[in-house]
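Worksheet for the structure shown next.
See the structure below:
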């Protein structure tokens, strides 16, 4: 009895008739092994062919096609682990052609040929006459050992004949029972009908009535009746009975035969497919030739197997081991693909929104004591909000009631409830007074969109398209675009829940055109999202929710009691391990905190330093008195009293702790922005006349926080120092002058001390990122430089002498003014004496305010310039003792110019009173009036004009002050200049007069004023540009219409041959369609070419303007014109990100997709360079491009102009598998072979596993890939 491990050849048959033929050619039959793998339902036959043990498996009766064949092969591989080669042997439908004289009874063998792998699969679905199939993929090729044996056997056949007929005769003589079914039928029954002739009714073709007119005549064969053919076999799950379809695939893919099982085996069970031809895959199918065809295929299989030596077969890798490698490689490819998708998702979502409320959620949730807030989570209102779609729940609360902690508990509850499913969308926002300048409505909506997308399996297509569109142009999405994509995401969820905390802390930034509450309610009304909002009792907010369910948030006594019970008392405190005192505290504070967790927190903190029970009891009675007073007087501010108490505690500390607390609080209260921990440490540690901040002077942050008695904390979310609660911000807003009267003086002096560090005396580096020049400092001791450079002048301007300050009720001394204004001014003068330091500080400030153009290579200012720019009127007189009033900086600016630019009206007054030259020219020909105009300081411009400034000075670039005033948002100054007699006909060096600038920038009031003053609407500048061109380019429909009514020349061209139509078409704004319509109605020439040969149609196509492109084509624009670079309209459409609809439109209108420009590039390559998948797909589906792979890679990186260079870039850039597969299919038939395996390797690294057979079959050097990856080249055949 044999063992399963004895079998090395696996022979699979689909039909019983094929299995019989296989058994007939065995040299010896063997008994079945004692066992086979569990759950293996296959029926096997066993035998020997020469030296090889062969196991024959036949598909279950009535089952055929890819899937059953796959199951049979998988079970065979499990039961017989030593199988080295596989054979799929049986019958098939032939595809005769003028190239291949295939006849019934012949044999077809699947061998790679002409770029094909031997087998390919087309889509599922039965092929019926007149219907189409679609090619989907090419499968793996047979193992090399079998292909070598086929080549050797072919030589033998050519030399000695194939002897297949004699083998069949011999077998039938030994098995006469098989004669009737398996012998060769008469040649007269081998009829090949014309492909258009369909089969008549019946099992035979008697009714088809073969005639010379409907039959393809073929010459009789002279020698052998049975021939063997080598090439591609087409496989699918369906039976082909369509001659037209057969001939189409035969012509297109050089197909020789059709069958139904190979596609299910090739990639998991590499084998050789051998098919005997029993019909012609047409509607004339019959069973007459099946037995003969099965015998022929089995005879060839035996010949082939007999030719392979036992030693050769033993060296082949087991198919079971190959499957392990397949799985490993597939997992690697999938891991790479998954990682790429994650990286893409992270990139897109990070671009969409930088806001990360997750950190704040984690930070706040840690403050939630488990067991509290159950009243909220179990309330009827909350439960209803969770259950029903489109609900709103408004939860107002008094300050300090714990609304933010409650929100964190709600978010946690929602996360736990719905973590198991994906049909509930959850997003949350934490509004914060500390971030009020950064929380724009569009940014918060983008954050909601980000949260809804980040847990989906893939980035939504519309968001990806939005990202691609703006990434190409380095722009940010518009409000309507964000809103559109956001609304589209709601449809993916059964419910969307949006939670918003502290809506009252959101304050609309000055440049925010939208109201957050309006937009949230609008989303609720339109899309029925669930909205949960907390806020203080603010009428403007509460009134908007008066028609919705409301649940006020107020800390319950039980929650506060539990909070007190879990309070972590310091071991040094009187209360530590004293249950009696703890119960007394719980009783008093749970009632006395009046529903405010924050107040309870302050009270507990204040009790930590009590030393006797009486002190503690007195404090508790005080808290109760405050609660009683609150009952009688609702205006009594218990939190303000608590903050007062904290400040008293701070001032009763030892001198060092008190000093540190005042320093920290001064920075927190007076700083123009929140400071990071290292910035605060440096701000406190820096001293006068230091080289750099000494590490030994840095105070540990925990000591600084401790000194502040809990009123200052570190925000883990932003990593900045801030007050414990927004109520503390309100408290110090009114009282910081009382507690820290010298705060501004202190900050001013510390900033100056920091900027004066000798460390910063080196020459300013030539870099736009000057703030980061010294970031290699291991202690990061330059952390404060950016803040100090930007804000030192602000703090100096706000210093004032304040006498000794005490609390009104006569309690302990709070703070004494230790830094006088005179001290600050002296520090300023000392700082201003160092040109290097002030030049560096000013350059940093100009970089921050986006005025980098003012910082030249030799940028240098003196003390007067810096004082004027900073508005430091007090120090200007003493500075002038050593500086001339009209002294110039490195670019020729004077102090008056700097003050005019900065907008300090009092400083300008002062400098003019000191005889500053009102018309002093800098090295660019600009006067102080230019600076005031460019910075839009109307009052200063008016003052300078009153003091005699020349309003018509012409700068070296030809501009006057009116040119700058004509820009948008400076209309008031423009009217001032015109009122004072400014000339409006002066052209700058670009040929522009002020009206052109006004029109281009949309300054309607300015250009209307200029028209009234006599500007000719038909005039043009020295560069030939007309007002109509500017208006068309600026999308000014009203002005375009007015100019056309006045009869201006619609086809005027500037010196670069550009027209108004080109300007309208080149703009990105889709609304220009109306302007284009008006221009065309007034006779605009469609096909004028500019100095680069570009037409209006090219500009519209390149700009992605679909509506205008369609309009121009409709009006007869010629898309066949080429520009001076040889680029067609289609090529322009494929650039700058492309627009699929425009490309499709041009292709439908007959655009030549294979045209080549002067650089050798096609439209396809332009699309690939842009990585525009939609455009590439459209171009490829349109047809052509068969040589794109042929020149892809010839041993060295291709030049950009080489065909196929774009495909090489696509591998490196990670283009999608779909696009790469399309490229391969279009180009592989003409590929001469690639000398290097890099494209194949990049495909594997990129997770494009399904491309590997295509790449491999194109001749990729697998040995090179093996060196790169360490994987045996054999295994690549299995992918």
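Residue numbers (the UniProt record's numbering): 1 to 1279. Just so it is clear, CB atoms sit at the ideal spot from N, CA and C, and this is done for glycine as well.
Taken through DSSP and simplified to helix, strand or coil, residue 82 comes out as coil.
The secondary-structure analysis by DSSP pairs residue 530 across a beta bridge with 497.
Less than 8 Å divides the Cβ of residue 429 from the Cβ of residue 500.
Rounded to the nearest whole angstrom, the CA to CA distance from residue 875 to residue 899 is 14 Å. With respect to residue 92, residue 108 sits close: the two C-beta atoms are nearer than 8 Å. Annotation: residue 270 is outside any alpha helix (DSSP H) and is labelled neither H nor E by DSSP.
Annotation for residue 697: 685 place their beta carbon closer than 6 Å to its own, counting only its chain and skipping 5 residues before and after.
By the 16-neighbour rule on beta-carbons within 10 angstroms, residue 671 is buried. Excluding residues up to 5 positions away in sequence, 905, 908, 909 and 912 lie with their Cβ nearer than 8 Å to the Cβ of residue 943 in the same chain.
Sorting 253, 162, 256 and 240 by C-alpha distance to the C-alpha of residue 225 places 162 at the top. For the pair of segments examined, the region 459 to 472 was found not to touch the region 517 to 531: the number of CB pairs separated by less than 8 Å stays below three. Beta-bridge partners assigned by DSSP to residue 52: 49. The beta carbons of residue 350 and residue 447 sit no closer together than 8 Å. Counting only runs of 4+ residues, the alpha helix (DSSP H) found wholly inside the region 897 to 951 occupies 905 to 913, 928 to 934 and 938 to 946, in chain order. About 6 Å separates the beta carbon of residue 999 from that of residue 1034, a gap short enough to meet the 8 Å contact definition.
Shortest Cα-Cα distance from residue 545 to any of 558, 287 and 524 involves 524. Residue range 424 to 430 is occupied by the beta strand (DSSP E) that includes residue 430.
The C-beta separation of residue 259 from residue 233 comes to about 6 Å, placing the pair in contact by the 8 Å criterion. For residue 102, the three-state secondary structure derived from DSSP is coil. Taking residue 313 as the centre and dropping the five residues before and after it, the same chain places the C-beta of 8, 9, 52, 84, 85 and 145 closer than 8 Å to its C-beta, in chain order. In this structure, residue 395 sits near residue 533, with a CB-CB distance shorter than 8 Å. In the DSSP annotation of this structure, residue 11 is not part of any alpha helix (DSSP H); the continuous beta strand (DSSP E) holding it starts and ends at 9 to 13. Counting only runs of 4+ residues, the alpha helix (DSSP H) found wholly inside the UniProt domain "GPI inositol-deacylase winged helix" (653 to 734) occupies 655 to 670, 677 to 685 and 701 to 707, in chain order. Taking 8 Å as the cut-off, the beta carbon of residue 36 is found no closer than this to the beta carbon of residue 5. Residue pairing for residue 1119: DSSP places it in no beta bridge. The three-state secondary structure of residue 144, taken from DSSP, is helix.
In the structure shown, residue 229 falls within a strand segment according to DSSP collapsed to helix, strand and coil. The C-alpha of residue 743 lies about 15 Å from the C-alpha of residue 647. Annotated three-state conformation of residue 279 is strand, per DSSP.
Using a Cβ distance threshold of 8 Å, residue 363 and residue 726 do not count as a contacting pair. Put simply, the region 930 to 950 touches the region 972 to 986. At least three CB pairs are less than 8 Å apart. As for any alpha helix (DSSP H) of minimum length 4 sitting wholly inside the UniProt repeat "ANK" (957 to 989), the runs are 961 to 965 and 971 to 979, ordered along the chain. Between the region 571 to 580 and the region 378 to 388 there are fewer than three C-beta pairs closer than 8 Å, too few to call the two in contact. For residue 585, the enclosing alpha helix (DSSP H) has its first and last residue at 579 to 592. Counting along the chain, residue 396 sits inside the beta strand (DSSP E) bounded by residues 392 to 396. If only uninterrupted alpha helix (DSSP H) runs of at least 4 residues are considered, those enclosed by the region 998 to 1084 are 1004 to 1012, 1027 to 1033, 1037 to 1045, 1060 to 1066 and 1073 to 1081.
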